[in-house]
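*Asks:* One structure follows; several queries about it will come next.
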Amino acid sequence: MENKSNMTTTPLLAFTRNMIGEIENRSTYVSAIKSDVEKQKEFINFLISEVQSATFKDITDVEGFVKWLDGELSSLVDERAVLKHFPQWPERKADAMREAAFSYRDLKNLEAEVTSFKVNPKESFNSELKKMQALQDRRACIN
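With positions in the sequence shown counted from 1, the corresponding number in the working numbering is that position plus 1282.
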């Protein structure tokens, strides 16, 4: 009895997988990704070499590079889906540079807020202290 159910389940499972695969292949989204992988191969290989060879002495250069890289990658249908077809894509390095640029931008924004902070004599003392504390808390979170 048990073998009969296994015989029935195996073809059904294979059939289900084939149907899912066929549906995915007909999807315009998947087709667009496949198209990007094929048509943008040279361009992506160029970006791979740029990221791999990127070295910086100043964080502002990282910020500019990440902005440029994100602009270039924005032309892809789905960046992650396309890049996963390129095993040599330096994902960890690109993500680390993005994270560094994001943190630097956060610090610059916080610096601008802190340097422009002025005590408003019309506000209550407690209100002003809360604003200062909020700025200090943000600074602590960034560090």
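By construction, the Cβ of each residue, glycine as well, lies at the ideal position given by its N, Cα and C atoms. Bear in mind the structure is a predicted one, so any value in this text is a computation, not a measurement.
Looking at the secondary structure, which residues open and close the alpha helix (DSSP H) in which Asp1340 lies?
*Replies:* Taken as a continuous stretch (DSSP letters only), Asp1340 belongs to no alpha helix (DSSP H), as it is neither H nor E.
*Asks:* Look at the alpha carbon of Val1344 and the alpha carbon of Asp1360, and state the distance between them as a whole number of angstroms.
*Replies:* For Val1344 and Asp1360, the distance between alpha carbons rounds to 23 Å.
*Asks:* Check each candidate in Lys1404, Glu1324, Leu1329 and Lys1390 and name the one with the smallest Cα separation from Leu1254.
*Replies:* The chain is shown from 1283 up to 1425; residue 1254 falls before or after that span and cannot be answered.
*Asks:* Just reading off the alpha helix (DSSP H) that Asp1360 is part of, what are its end residues?
*Replies:* According to the DSSP assignment, Asp1360 belongs to no alpha helix (DSSP H), since it is labelled neither H nor E.
*Asks:* Would you kindly work out how many angstroms separate the C-alpha atoms of Ala1438 and Phe1325, rounded to a whole number?
*Replies:* Since the displayed the chain opens at 1283 and closes at 1425, residue 1438 lies outside it and no answer follows.
*Asks:* Taking just the CA atoms, how far does Met1414 sit from Glu1405?
*Replies:* When the Cα atoms are used, Glu1405 and Met1414 turn out to be separated by approximately 13 Å.
*Asks:* Just to confirm, is the Cβ distance from Met1379 to Phe1399 under 9 Å?
*Replies:* no
*Asks:* Thinking C-alpha only, which one of Leu1355, Val1364 and Pro1403 is nearest Tyr1311?
*Replies:* Val1364
*Asks:* Determine whether the beta carbon atoms of Gln1322 and Leu1358 lie at a separation below 9 Å.
*Replies:* Between Gln1322 and Leu1358, the C-beta spacing is below 9 Å.
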